[in-house]
Structure formats: C-alpha cells, structure tokens
Amino acid sequence: MAALFLRRIVQAALILLGVAAITFLMLYALPADPAVLLAGRNATPQTVANIRHQLGLDQPLAVQFWHYLVDLVQGDLGRSFNQKTAVAPLIAARLPATLTLMAAGIAIEVVIGLTLGVVAALRRDGFVDRAVMTMSFVGVSTPQFLVALLLLYVFAATLGWFPMSGYGTAAHLVLPAFTLGILGAGWYARVVRSAMIDVLGQDYVRTANAKGLSAPRVVLRHALPNALLPVIAMIGIDIGQFMGGTVVVEAVYGWPGIGQLAWQAIQQVDIPIIMGVTLVSALAIVLGNLFADLVAPLIDPRIRTA
Amino acid sequence: MLKTFLRSTALAVAVAFAPAALVTGAGTMPAFAQSQGGDIVVTYKDDIATLDPAIGYDWQNWSIIKSLYSRLMDYTPGTPDLVPSLAESFTVAPDGLTYTFKLRKGVKFSNGREVVAGDVKYSIERAVDPKTQGPGGGFFGAIVGYDDLVGGTATGLAGIETPDADTVVFKLSRPDATFLHVLAINFASVVPKEAVEAAAGDFGKKPVGSGTFVLKEWVIGQKLVFARNPDYFEKGVPHIDGFTIEIGQEPLVALLRLQRGEVDIAGDGVPPAKFLEMSKSPEFEGMIVDGQQLHTGYVTLNTRIKPLDDVKVRQALNMAINKERIVRIVNGRATPANQPLPPLMPGYDKSYEGYAYDVGKAKALLAEAGYPDGFPTVLYSTNTDPQPRIAQAIQQDLAAVGVKAEIKALAQSNVIAAGGTEGEAPMIWSGGMAWIADFPDPSNFYGPILGCAGAVQGGWNWSWYCNEDLQKQAVAADSLSDPAKKAEREALWGKIFIDIMKDAPWIPIFNERRVVAKSKRMGGADNIYVDPTRVINYDAIFVKP
Amino acid sequence: MAAGSFLRGLLRRPTAVAGLLVIAAVVVAALFAPLLAPYAPDDQMFDGLSLEGAPLPPSAQFLLGTDTLGRDLLSRLVFGARTSLLIGLVANGTAVMIGLFVGVMAGYLGGFAGAALMRFTDLMTAFPALLLAIVLAALLKPSLWIVALVIAMVNWVQVARIAYTETRSLVERDFILAERAMGAGPARILGLHILPHLVPTAIVWGTLGIATTVLLEATLSFLGIGVQPPEPSWGNIVFESQSYFESAPWLVFFPGAAILATALAFNLVGDALRDLLDPTQRGRG
Numbered sequence: 001m002a003a004l005f006l007r008r009i010v011q012a013a014l015i016l017l018g019v020a021a022i023t024f025l026m027l028y029a030l031p032a033d034p035a036v037l038l039a040g041r042n043a044t045p046q047t048v049a050n051i052r053h054q055l056g057l058d059q060p061l062a063v064q065f066w067h068y069l070v071d072l073v074q075g076d077l078g079r080s081f082n083q084k085t086a087v088a089p090l091i092a093a094r095l096p097a098t099l100t101l102m103a104a105g106i107a108i109e110v111v112i113g114l115t116l117g118v119v120a121a122l123r124r125d126g127f128v129d130r131a132v133m134t135m136s137f138v139g140v141s142t143p144q145f146l147v148a149l150l151l152l153y154v155f156a157a158t159l160g161w162f163p164m165s166g167y168g169t170a171a172h173l174v175l176p177a178f179t180l181g182i183l184g185a186g187w188y189a190r191v192v193r194s195a196m197i198d199v200l201g202q203d204y205v206r207t208a209n210a211k212g213l214s215a216p217r218v219v220l221r222h223a224l225p226n227a228l229l230p231v232i233a234m235i236g237i238d239i240g241q242f243m244g245g246t247v248v249v250e251a252v253y254g255w256p257g258i259g260q261l262a263w264q265a266i267q268q269v270d271i272p273i274i275m276g277v278t279l280v281s282a283l284a285i286v287l288g289n290l291f292a293d294l295v296a297p298l299i300d301p302r303i304r305t306a
Numbered sequence: 001m002l003k004t005f006l007r008s009t010a011l012a013v014a015v016a017f018a019p020a021a022l023v024t025g026a027g028t029m030p031a032f033a034q035s036q037g038g039d040i041v042v043t044y045k046d047d048i049a050t051l052d053p054a055i056g057y058d059w060q061n062w063s064i065i066k067s068l069y070s071r072l073m074d075y076t077p078g079t080p081d082l083v084p085s086l087a088e089s090f091t092v093a094p095d096g097l098t099y100t101f102k103l104r105k106g107v108k109f110s111n112g113r114e115v116v117a118g119d120v121k122y123s124i125e126r127a128v129d130p131k132t133q134g135p136g137g138g139f140f141g142a143i144v145g146y147d148d149l150v151g152g153t154a155t156g157l158a159g160i161e162t163p164d165a166d167t168v169v170f171k172l173s174r175p176d177a178t179f180l181h182v183l184a185i186n187f188a189s190v191v192p193k194e195a196v197e198a199a200a201g202d203f204g205k206k207p208v209g210s211g212t213f214v215l216k217e218w219v220i221g222q223k224l225v226f227a228r229n230p231d232y233f234e235k236g237v238p239h240i241d242g243f244t245i246e247i248g249q250e251p252l253v254a255l256l257r258l259q260r261g262e263v264d265i266a267g268d269g270v271p272p273a274k275f276l277e278m279s280k281s282p283e284f285e286g287m288i289v290d291g292q293q294l295h296t297g298y299v300t301l302n303t304r305i306k307p308l309d310d311v312k313v314r315q316a317l318n319m320a321i322n323k324e325r326i327v328r329i330v331n332g333r334a335t336p337a338n339q340p341l342p343p344l345m346p347g348y349d350k351s352y353e354g355y356a357y358d359v360g361k362a363k364a365l366l367a368e369a370g371y372p373d374g375f376p377t378v379l380y381s382t383n384t385d386p387q388p389r390i391a392q393a394i395q396q397d398l399a400a401v402g403v404k405a406e407i408k409a410l411a412q413s414n415v416i417a418a419g420g421t422e423g424e425a426p427m428i429w430s431g432g433m434a435w436i437a438d439f440p441d442p443s444n445f446y447g448p449i450l451g452c453a454g455a456v457q458g459g460w461n462w463s464w465y466c467n468e469d470l471q472k473q474a475v476a477a478d479s480l481s482d483p484a485k486k487a488e489r490e491a492l493w494g495k496i497f498i499d500i501m502k503d504a505p506w507i508p509i510f511n512e513r514r515v516v517a518k519s520k521r522m523g524g525a526d527n528i529y530v531d532p533t534r535v536i537n538y539d540a541i542f543v544k545p
Numbered sequence: 001m002a003a004g005s006f007l008r009g010l011l012r013r014p015t016a017v018a019g020l021l022v023i024a025a026v027v028v029a030a031l032f033a034p035l036l037a038p039y040a041p042d043d044q045m046f047d048g049l050s051l052e053g054a055p056l057p058p059s060a061q062f063l064l065g066t067d068t069l070g071r072d073l074l075s076r077l078v079f080g081a082r083t084s085l086l087i088g089l090v091a092n093g094t095a096v097m098i099g100l101f102v103g104v105m106a107g108y109l110g111g112f113a114g115a116a117l118m119r120f121t122d123l124m125t126a127f128p129a130l131l132l133a134i135v136l137a138a139l140l141k142p143s144l145w146i147v148a149l150v151i152a153m154v155n156w157v158q159v160a161r162i163a164y165t166e167t168r169s170l171v172e173r174d175f176i177l178a179e180r181a182m183g184a185g186p187a188r189i190l191g192l193h194i195l196p197h198l199v200p201t202a203i204v205w206g207t208l209g210i211a212t213t214v215l216l217e218a219t220l221s222f223l224g225i226g227v228q229p230p231e232p233s234w235g236n237i238v239f240e241s242q243s244y245f246e247s248a249p250w251l252v253f254f255p256g257a258a259i260l261a262t263a264l265a266f267n268l269v270g271d272a273l274r275d276l277l278d279p280t281q282r283g284r285g
C-alpha cells in the first residue's frame with residue numbers, strides 16, 4: 001500500500017512537470033506580447049524593450065523555463081505581469097471561493113444523484129427510471145452558460161429569490177452551485193442506478209432479502225455502500241473538472257474564484273497567472289484521481305486484495 | 001517676466017487654461033451645498049489590478065489612484081482646468097525651460113510623515129526608472145536627464161532639483177506646453193520612499209499617499225474599502241466618509257442591485273440594453289448620468305498598405321460609413337465624430353464638417369482611384385462585446401461600396417500587436433482600446449497615435465501615418481509653453497487636426513458618452529461622475545442629507 | 001450484426017428515433033440553409049431595429065425576432081447549423097483519428113514506445129481541458145478551423161485510451177499471434193485484424209463526441225473567442241446578445257435551445273449505437 005502510494009505521488013509529480021513544460025511552451029509560442037500591452041499607449045519602443053528585459057522575456061526560452069522550474073520547486077509561481085505582485089497569494093486568495101463552489105456543486109450532484117439513482121434502480125423501468133435515464137443525457141448536453149443565464153433570469157431577475165451575483169453569503173452560493181450541480185446530477189443518478197442494479201442482483205443481497213430484512217435496510221446497509229464506489233470515482237473526476245472548468249459559471253455570476261482570475265489573466269496575457277491556474281487545476285485533477293484510487297479500496301475490500 | 005499663480009487666483013488660472021464655457025458645475029458650486037458623511041458602495045466587473053501610481057493605467061484604478069495620492073497639480077472637479085494642488089504656487093521661466101514649485105506646508109502622508117520636496121523627486125524618478133516597469137515614464141521625457149535614467153547611465157533625474165524641503169525645480173531640455181498637465185497625471189503622484197521599500201515590491205497592494213482617501217482593507221478578488229483621510233490638506237474634502245469597491249460584478253447585475261438600493265454607483269456604466277429601459281422608465285429618473293468624455297472611436301487606415309496608401313481611397317472610405325446607424329446600434333450613447341479631437345477638447349473645430357456619408361461619392365472616388373469594384377481587406381477589432389458588433393456594422397457599410405472586409409475579432413493584446421507591426425493590419429476598429437485622453441490637451445491626441453514617433457514597431461500609430469510638415473507644426477505648437485499664448489497654441493493644434501483629416505488616416509466614427517448609474521441619494525453635478533480627467537471624482541461626490 | 005436488425009434495434013428506441021429526427025433536421029438546415037432562411041444571415045436590415053436601436057421581438061415579419069444588429073434571428077440560426085455541424089464533423093473527426101492513431105500505435109507497438117505514448121496520454125488527461133481550449137482560442141488568431149483544431153486537441157484523449165485497451169486485448173489473441181508467426185507484416189495485421197474491430201468504437205465515439213464538440217464550440221463562442229463574426233454560430237449569437245438577455249430573452253434562449261437539442265440528439269443516438277454495437281456495455285453508464 002505504501003509503495004503504491006509512493007509510486008502514485010512520483011507519477012503525479014512527473015505529470016505536473018509535464019503539464020508545466022507544455023503550458024510554458026504553448027504560452028510562449030503564442031503571438032501575443034505582454035510587454036506591449038503593459039507598456040501602454042504612450043510607450044516608446046525603448047520602454048517596451050525595457051519592460052521585456054525586466055520580465056526576462058528577452059532570454060532564450062530554455063533559460064526562462066529553467067528559471068520558472070527552479071522557482072516552482074520552491075513553491076514560487078512567479079509574479080503577475082499585470083498586477084505586479086506574487087501569483088501564489090493571488091491564487092490562494094481565490095481558492096476558497098472556488099473550493100466552496102466546487103463542494104456545493106458536488107454535494108448537489110451527490111444528493112440528487114443518489115436519491116434519483118436509488119429510486120430508479122428500485123423501480124426499474126418505472127417513470128422515475130425512464131426520466132432519470134433521459135435527464136442524464138439532457139444534463140450532459142446542456143451548455144453551462146445557458147443554465148446559468150436561465151437560472152439568473154428566472155430566480156434572480158424575475159422572481160428575485162436569490163442575489164444576481166456576488167459572494168459572501170449562502171444565498172449567493174445557491175444559483176452558481178445549482179448551475180454546476182444539476183447538470184452533473186443526472187449522470188450521477190445513472191451511475192448509481194446501474195451500480196445498484198448490479199448489487200441488487202448479487203447473492204448476498206438476495207440472501208439478505210431472503211432473511212426477511214426490510215427493503216430500506218437492505219438498500220441502506222448492503223446495496224448502497226457498494227453503489228457508492230463509482231460515485232467516489234466520479235467525485236474524484238469532478239474535483240479536477242470543476243477546478244479548471246468553472247470559468248463560465250464564475251464569469252456569469254461574478255464569483256471571485258480562480259476561473260475568473262484565469263479569464264481576466266487570459267485577456268491580459270498575464271502569463272504567470274495563466275501558468276499558475278493551469279498548474280493548480282492540473283494538480284486538482286491529479287489529486288482527484290488519486291483520491292478516487294485511494295479511497296475506493298477502503299470502501300470495497302475486494303479492490304484492496306486485487 | 002515671471003508669471004506667478006497663487007492658489008488664491010485659482011479662478012484666474014481656470015479662465016486662462018480652459019474655454020470659459022467649460023467652467024461649470026462642481027467647480028463653481030459653493031462648498032456648503034455639499035453635505036458631509038456617508039459610506040457608499042461602488043461596483044466593478046474586473047479586479048483592481050494595482051494601486052501603485054507608477055504602474056496603474058486602466059480606467060478602473062485611474063480614479064482611485066487619483067484620490068489616494070496627491071500631485072503638484074490637479075484639476076477643478078468636473079473640468080479640464082488645472083489648479084495647483086500639493087503645490088502652493090509655481091513660476092514658469094520665460095523660456096519655458098524652468099518650473100519652480102513651492103510645496104504646501106504641513107501636508108502629511110497617511111503614515112504620518114510630512115511630504116517634502118525630495119518625495120516629489122523620488123516619485124517621478126521612480127515612475128521613469130525602467131526597473132519600476134511602469135507605463136508612464138515617457139510622459140516625463142522633457143525633463144533633463146531623462147535619457148540617462150532610461151538608458152541606465154544615471155540613477156536619478158538631473159533635471160529635478162530640491163534646493164530646500166519645500167521647493168522643487170524642474171529643468172527641461174525642450175519647452176513642453178503640456179508639462180503642467182504631466183505633473184497632474186497619476187504617474188506624478190507623490191509616494192513616500194520608505195513605504196515603497198517596506199512593501200518590498202508590493203506597493204500596489206499596500207499604497208501610502210497623501211490624497212483624500214486611504215485604503216483600509218483589500219480582500220483580493222472581492223472588495224476594497226477606503227476611508228477618508230482626516231488629515232487631507234484641503235478642509236471639507238472629501239465629502240463622503242468612505243467608499244467600498246465591490247468587484248466581480250457584472251454590469252447588468254450591478255444595476256439590479258442599484259435599483260434595490262444595495263449599490264450607489266455602478267462603476268462599469270450602463271450596458272446598451274439596459275440603457276434604453278432605464279432612460280424610458282420614470283423609476284430611474286435622476287439615476288442616470290450621461291456625460292461626455294475625452295474619447296474618440298475611430299478606424300485606422302494603414303497608409304503603408306495598398307490600396308489604403310492612396311489618399312483617395314481613404315477619403316472614399318470616410319464617406320462610406322453610416323455613423324448615424326452605428327450610433328443607433330450603441331443605442332444613441334455616442335455622437336457621430338468627424339475629426340480626431342472630441343468636442344470637449346480644447347482645439348476642437350466646431351465649424352469643420354468632415355466627410356459626409358455619401359455612398360455615391362465614395363464609389364465615384366474609389367473608381368477614380370482605380371478600384372471601381374472595391375477590394376478585399378481586413379478589419380481588426382477586439383473580441384469583447386459590443387466591439388465585434390460595431391465592426392460588423394462597419395463591414396456592412398464597406399461592403400456597400402464594394403470593399404470586402406474580413407473581420408478579425410481578437411484578444412486586445414493581439415490587436416495591439418498587429419497594429420504595431422508594419423504592414424500587418426490594414427484597418428483597426430479602435431473600440432475597447434480607443435483613445436481616452438490622459439490629460440485634456442490636444443497634443444495628447446497626436447504624438448503616439450498620429451505622430452511620426454508612434455509609427456514604429458510596437459507603436460500605437462496604427463495608421464502608420466507620418467506627415468513631416470504637420471510634425472514640425474506640432475513641435476512648434478508644443479513649444480508655446482507660455483500660458484498667455486494658450487489660445488494661439490490651441491488654434492494651431494486645431495488646424496493640425498483638420499489638416500490631418502485631409503490625409504484621412506482615420507475614419508473617426510463616434511465620440512462615446514459615458515453613462516453612469518448612481519443611486520438617488522448620491523448628490524453632485526453630473527460632471528463629477530463623468531469627470532473628464534478622473535471618470536468618478538471621489539473627492540467631489542457626496543451623499544444627500 | 002446484420003444491417004437490418006441493427007436498424008430495427010435503433011428504431012425500437014424512442015429516444016434514439018427522436019435524436020435521429022433532430023439530427024436530420026439540423027443536417028437539412030445546414031445543407032439547404034440558403035433555401036430555408038427567409039433572409040440573408042448577415043443582412044443588417046434597416047427595419048430590423050427599433051428607432052432606438054433595440055432588437056425586435058418575434059413577429060410575422062421576423063418569426064424569431066431580430067438580433068442587436070437588425071439581422072433575422074431565424075436565418076442566423078439556420079446558417080448557424082452549418083457552423084455547428086461543420087465543427088462537429090471536422091473537429092471530432094480529427095479527434096477520433098488522432099485518438100485511434102495514438103491508441104492503436106501504443107497498443108500495437110507496446111514496449112517503450114507504447115508506454116511513452118500512453119504516458120503522454122495520461123499527461124493530457126491531467127490538463128484542464130476547458131482552460132486549455134480557452135487559452136488557445138483566446139490567444140491564437142481564431143477562425144473556424146482554429147476552433148476545430150483546438151477542440152480536436154482536447155478531445156482525442158478518451159478515444160486513444162479506449163483504442164489502446166482494445167488493441168492490447170486483440171494483439172494478444174491467438175489468431176494474431178499465429179499470423180505474426182506466419183510472417184504477416186504490421187500493415188496486414190493492423191489493416192485486416194485490428195482496425196475493423198475498432199470501427200464500432202470509432203462510430204460510437206464519433207457520434208458522442210459531436211455532442212461534446214457542439215457544446216465546446218458554443219462555450220468558446222459564448223466567451224467571444226470562437227467563430228469569427230459575421231459568420232453565425234449558435235454560441236456567438238448568445239455572446240452578442242448576452243447583454244440583452246433581460247430585455248430580449250429570445251436572443252439567448254432560441255440559440256440555447258438549438259445547442260441543447262443538437263447535443264442531446266447526438267448523445268442519445270451515440271448511446272443507442274453503443275448499446276447495439278458493443279453488447280458488453282449494454283445497460284451501463
């Protein structure tokens with residue numbers, strides 16, 4: 001177990017290094033010069049050259065990347081071109097907002113997904129079952145921005161139940177979290193349903209049923225824990241997805257998370273921030289997968305021995 | 001003869017420095033009409049990048065920086081009229097090469113230390129020093145020793161002398177009629193050296209100044225809280241006790257919150273869709289400020305790319321654009337333009353009629369130039385709404401005279417890069433990057449964007465237009481630094497811009513007005529919410545009792 | 001499976017039939033756009049805006065109303081089908097090609113080269129896909145083809161993984177080992193024995209992937225970094241109209257519905273194909 005853990009950590013570190021290298025190469029190959037933008041409209045070519053020099057952009061690419069890596073190993077993500085301040089605290093200041101949104105979104109997915117999934121499995125081919133199967137596809141076929149604008153239009157602008165945007169209170173969290181959550185919930189339900197159907201057909205559940213245990217008890221004690229396995233794997237994936245994938249939701253709702261930071265940085269070609277957010281998101285994806293891999297054996301002993 | 005301007009003659013200065021018609025509003029409002037107190041909430045969509053005056057150069061932080069720091073010169077609120085601020089008085093030598101300022105006594109930074117002449121010298125040197133990576137160094141190019149500091153052979157500016165603690169003397173290498181304006185822009189804000197050094201490169205997040213407000217709290221990505229500076233040197237200023245800037249707020253959302261009384265000023269202005277609704281609804285009466293600003297939106301015609309190198313073609317395109325229709329697309333929040341200068345700018349020529357919209361004439365002129373069937377070209381634009389839509393409207397008008405323009409709607413940095421590369425961008429719609437003046441002087445609309453010096457790699461003269469004869473006239477006009485010759489100088493500049501239009505390197509499209517929404521409890525004249533030099537003038541606004 | 005029973009299987013599913021109908025409608029709209037659209041999609045009509053410059057609501061003259069430049073929304077939606085379909089086919093086709101190539105090469109070659117290719121695939125899975133697409137689309141000079149390329153670059157990974165697993169399992173089967181022993185070249189083995197087995201995978205992912213692609217294109221265009229104006233795309237119609245979503249909601253919700261219907265149709269049909277072509281997956285998520 002320890003050896004496996006260690007190997008996964010090393011793998012994760014290598015993947016992050018690779019992500020850093022590719023992102024770096026990609027960003028520096030793009031036809032956008034941050035120095036010109038920073039220098040502003042009154043700049044002389046000399047000012048632009050000076051700024052480029054101060055940022056180290058006039059050095060060979062390999063040298064720049066080496067410097068970046070040396071800093072990165074020490075936990076330094078560099079300094080923002082535009083805000084003239086260290087990138088790490090900028091990201092750290094915005095992480096709580098993204099993590100809150102992510103946690104709330106995943107919670108909504110899990111609660112709705114588990115409920116509908118269990119009901120669908122127990123009433124197979126019933127109305128709920130058919131609805132869940134279709135809705136799961138609607139969820140993955142709907143553009144996030146459409147749901148965001150729709151919820152905003154109905155629940156904030158028209159009904160006025162929730163604030164239009166902002167951050168701070170639970171009321172602010174509701175619409176953005178539901179935008180993230182309801183789209184994924186259908187797929188959770190689908191996965192829970194098929195896992196439940198598998199489990200319900202297995203011998204030990206049949207035995208439990210035969211022993212005369214009540215149906216809710218069978219579901220809660222025996223079937224559900226096994227159906228949780230794929231759910232945990234999906235949570236792991238979502239942790240990664242939401243970290244870099246909330247740009248749209250954060251843009252529509254003015255949510256001060258790292259997606260908003262990234263979107264602003266992209267428009268300003270603020271390369272250190274783009275690099276930083278990409279790395280943090282990649283880290284979340286790697287950790288999310290690691291989480292799924294490591295937690296799964298704790299729930300299902302069969303995986304541990306395998 | 002030395003001309004001395006004392007603070008007590010502020011009105012005289014105003015009259016001397018600006019057309020009398022512009023001296024209105026808050027500038028002449030008696031001080032007792034404004035009540036003191038109140039905390040207000042202002043919203044913006046984008047994060048405030050930095051509050052370092054040597055670095056900040058976007059329109060959100062521009063007005064905040066104005067209020068956090070003080071400068072030798074400033075403007076009467078709501079007007080383009082210069083007044084001494086941190087300076088008590090100043091003299092200009094007859095040759096226009098020496099400016100001597102006497103500092104106001106007893107002015108303190110918010111860290112408690114008194115402001116001395118050395119701080120002024122340090123602050124301007126810091127703005128020019130390449131190590132600061134600031135965008136504003138070039139404004140100080142007339143000061144003796146500028147080239148040495150920029151080139152790295154000196155660590156300071158030899159042309160700034162501080163004979164005693166409250167005297168600053170500037171020596172210029174050439175007369176610069178805009179020099180007093182230069183001392184009023186944000187980059188000339190006075191900062192204390194010890195605070196800059198203590199912040200260790202993070203001064204933009206830990207600002208210390210001697211302005212009307214101080215930063216109390218900054219929650220990154222969410223809000224900034226400012227409180228009035230009780231020690232500010234002008235009694236009774238500012239009027240509000242403080243303001244909170246909330247960021248990450250979509251303009252539409254900000255307006256709904258404004259309607260509910262949660263917000264006092266929607267900093268990003270009113271989006272077109274909402275503007276129609278609000279201007280019609282009695283509910284919003286007294287909540288909309290619709291003011292002119294020093295802005296011109298234009299299309300650059302690259303004079304070094306065929307067939308735009310032909311002046312007839314450029315004139316024809318000037319006649320092809322239906323500016324009235326474009327103004328309609330932005331819901332009437334702009335006025336059609338016919339020359340580079342905006343109407344508020346000294347030197348604007350009211351009598352000039354420009355190129356009238358005339359498809360027939362445009363076609364005839366194109367045929368005369370050898371393009372009866374038009375030609376294909378490329379029109380660049382930034383990719384944030386509504387710029388691509390305006391570009392499409394221009395595209396349709398061009399198509400009507402046979403010019404088939406392909407649109408490239410790109411990130412702002414890519415458009416700027418294309419504009420500054422010779423032979424790359426035939427036409428650029430300037431929206432979103434358009435010229436809003438740094439200070440209210442016509443020369444600010446020439447040098448970098450229409451002068452020869454800007455027509456270089458990485459420059460902002462995207463027409464690559466260089467008329468040597470007009471360049472000479474421009475230099476001559478800027479040498480008239482004697483304030484008594486102001487009218488003569490403005491007339492010279494006005495003529496230069498009309499002559500430029502004969503060469504037609506631009507299609508001036510419109511002068512955009514700024515529409516700001518404020519809650520009903522906010523008081524003060526409209527022109528301090530759309531202040532020509534500040535956008536929102538936090539020093540002058542007040543909450544009604 | 002015979003073609004007849006395959007088709008019967010497909011037609012027995014009401015959701016798949018509905019999906020096929022929507023896809024057929026989109027294809028017809030794309031192919032015959034000039035005939036179907038009542039107006040030219042980029043004609044900014046003088047009477048298409050109110051006097052103050054506001055877009056017009058749906059009426060007899062403009063069935064779905066006009067957009068913020070006075071263009072007919074219905075005509076733009078019909079022409080927008082071309083953009084979505086074209087990007088769906090090109091971007092996703094490219095993604096499936098790249099995925100198949102990488103997956104099959106890694107699976108067939110095995111050893112160091114195979115491992116290296118699959119580690120690279122792992123690396124790509126760790127990339128925040130949406131973020132990557134946004135960065136590329138925003139900072140490259142966008143056009144229809146760049147957008148397609150960007151989408152292909154983030155979408156091939158899944159196909160590569162499946163193709164790799166399937167190829168690995170095929171390569172170790174007896175009949176291929178026997179062919180190899182008899183001296184068959186790699187071209188023969190790949191062409192005759194491996195690729196035909198991957199056709200169902202390619203069809204299934206080719207269909208499902210179009211849904212993802214349509215959504216990704218819409219998202220990029222919604223952020224203003226997708227297809228260049230005045231070319232209509234359902235995403236950039238929403239982008240241009242977003243600030244009007246309160247006063248002119250039809251400008252946001254009609255194109256939104258088009259995106260949803262198209263993506264849903266491809267997902268439903270893709271799912272039905274997966275069930276029919278790959279019985280081991282039947283009934284699973």
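Chains as they are written, first to last, in the numbering used here: chain A, 1 to 306; chain B, 1 to 545; chain C, 1 to 285. By construction, the Cβ of each residue, glycine as well, lies at the ideal position given by its N, Cα and C atoms.
Go to residue 90(C), then tell me how far its alpha helix (DSSP H) extends in each direction, as first and last residue.
Per DSSP, residue 90(C) belongs to the alpha helix (DSSP H) from 73–109.
Ends of the alpha helix (DSSP H) at residue 218(C)?
195–222 is the span of the alpha helix (DSSP H), which, as asked, contains residue 218(C).
Who are residue 397(B)'s beta bridge partners in DSSP?
Under DSSP, residue 397(B) forms no beta bridge with any residue.
Whose Cβ in chain C lies nearer than 8 Å to the Cβ of residue 243(A)?
The answer, in chain order, is 128.
When DSSP labels each residue in this structure, what does residue 292(B) get in the three-state scheme?
Three-state result, residue 292(B): strand.
Backbone secondary structure at residue 289(A) - three-state DSSP
Residue 289(A): helix per DSSP, three-state reduction.
Less than 8 Å separating the beta-carbons of residue 82(B) and residue 168(B)?
Taking 8 Å as the Cβ cut-off, residue 82(B) and residue 168(B) do not qualify as a contacting pair.
Would you say residue 140(A) lies against chain C (beta-carbon separation less than 8 Å)?
Yes, its Cβ sits closer than 8 Å to a Cβ of chain C.
So which residues of chain C does residue 285(A) contact, with C-beta pairs closer than 9 Å?
Within chain C, 125, 126, 127, 128 have C-beta atoms less than 9 Å from the C-beta of residue 285(A), given in sequence order.
Considering only DSSP beta bridges, list what residue 266(B) is partnered with.
According to DSSP, which records beta bridges pairwise, residue 266(B) is partnered with 43(B), 517(B).
Residue 218(B): first and last residue of the uninterrupted alpha helix (DSSP H) it sits in
For residue 218(B), no alpha helix (DSSP H) run applies; the uninterrupted beta strand (DSSP E) run containing it begins and ends at 213–219, by DSSP.
For a cutoff of 8 Å on Cβ pairs, would you count residue 171(A) as touching chain C?
Output row for residue 171(A): interface = no.
Between the stretch 87–99 of chain C and the stretch 39–50 of chain C, do three or more beta carbon pairs fall short of 8 Å?
In short, these stretches do not touch, since the Cβ pair count stays below three.
Taking C-beta pairs closer than 8 Å, name the residues in chain B that residue 225(C) reaches, listed in chain order.
383, 411, listed in chain order.
Contact list for the stretch 33–66 of chain B against chain C, Cβ threshold 8 Å
Among the residues of the stretch 33–66 of chain B, none has a Cβ less than 8 Å away from any Cβ of chain C.
Collapsed DSSP secondary structure at residue 231(A) in the structure displayed:
Here residue 231(A) carries a helix assignment [DSSP, helix/strand/coil].
Do you know offhand how far residue 101(A)'s Cα is from residue 163(A)'s?
Distance from the CA atom of residue 101(A) to the CA atom of residue 163(A), rounded to whole angstroms, is 15 Å.
Residues of chain C with a CB under 9 Å from the CB of residue 272(B): which are they?
Against residue 272(B), the close residues of chain C are 53, 54, 68, 243, 244, in the order they occur along the chain (beta-carbon pairs closer than 9 Å).
Please confirm if residue 239(C) has its CB atom under 8 Å from at least one CB of chain B.
At least one chain B Cβ lies under 8 Å of residue 239(C).
Per the DSSP calculation, residue 74(B) is bridged to which residue(s)?
Residue pairing by DSSP puts residue 74(B) in a beta bridge opposite 83(B).
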